[in-house]
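Just so we're aligned, residue 1 is where the sequence shown starts under the UniProt record's numbering, counting upward by one.
To keep things clear, I will list the structure first and then write my remarks on it.
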Amino acid sequence: MITVEQRQDPQATEQILRALPSWFGIEDAIRSYAEDAATKISYLAVDAGRTVGVALLEPHFPEPVELWLIAVHPDYRGQGVGTKLVAEIEQDLRQQAVSFLQVKTVGESFEHAGYAGTRAFYRSCGFQPLEEMTGLGWDGPTVIMVKSLHTV
Ligand SMILES: CC(C)(COP(=O)(O)OP(=O)(O)OC[C@H]1O[C@@H](n2cnc3c(N)ncnc32)[C@H](O)[C@@H]1OP(=O)(O)O)[C@@H](O)C(=O)NCCC(=O)NCCS
């Protein structure tokens, strides 16, 4: 059974990213995320002691929080692990009165089957695209997606 725990595991985070070269193929980016995994708020999906998924959070302001990184090991992709990570995070953030969750990913004007799947995942979690822009950390398009955490 997969459980979600709020704790850090930079080594496993780096291993998961290295297993996903279509998304995380740049050495500097992997190292930077591994450092983030030791400093940012971290949620892990764990299966029998093995870290199989990770999500990092960056609270830029008290109300909106950014889903800074999410990745699930290829052995476990497509089995609901990402959804479970996001659901647990949302539950905790709602208790902290956080209003919005945002995430940035590659925009659809850059053709890439892998990132099309990533955007489909975010949409399935309830995120909606807010704006696509260029110049955010790389030369191509970045889409900002948001999800309201207000319960009405
Ligand atoms: C994106 C990611 C975190 C999703 O986690 P996951 O555990 O594989 O996703 P889930 O099994 O919870 O998927 C839930 C739903 O999202 C959608 N979805 C997920 N992956 C998809 C894909 N590749 N293509 C289309 N839809 C997808 C589906 O609607 C799916 O529901 P279904 O399985 O009932 O059809 C994971 O696949 C991953 O690590 N991808 C590579 C790295 C990445 O994209 N990270 C984000 C970079 S910005």
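Even for Gly, the Cβ is constructed at its ideal location relative to N, Cα and C.
Computed from a prediction, not measured in an experiment: that's the story for all the values here.
Helix, strand or coil: which one does DSSP assign to residue i?
i           : result
Ala116      : helix
Gly82       : helix
Ile89       : helix
Pro59       : coil
Pro64       : strand
Ile144      : strand
residue 162 : Lying before the first or after the last residue shown, residue 162 is absent from the chain, which here runs from 1 to 152.
Please report how far the alpha carbon of residue i lies from the alpha carbon of residue j, in whole angstroms.
i           : j      : result
Glu63       : Lys104 : 17 Å
Phe110      : Gln11  : 31 Å
Gly135      : Val146 : 19 Å
Gln96       : His112 : 36 Å
Thr51       : Met1   : 12 Å
Leu130      : Asp75  : 31 Å
Leu93       : Gln8   : 18 Å
Val106      : Gly114 : 10 Å
Leu17       : Glu5   : 19 Å
Ala125      : Leu85  : It is Cys, not Ala, that sits at residue 125 in the sequence shown. Roughly 10 Å between the two C-alpha positions.
Ser148      : Gln102 : 9 Å
Thr151      : Glu58  : 22 Å
Thr142      : Glu108 : 8 Å
residue 208 : Glu132 : Missing from the structure shown is residue 208; the chain here goes from 1 to 152 and no further.
Thr83       : Ala45  : 10 Å
Looking at ligand 1, does it come within less than 7 Å of residue i, judged from the CB to the closest heavy atom?
i      : result
Gly25  : no
Phe127 : no
Gln79  : yes
Gly82  : yes
Thr13  : no
Ile70  : yes
Gly140 : no
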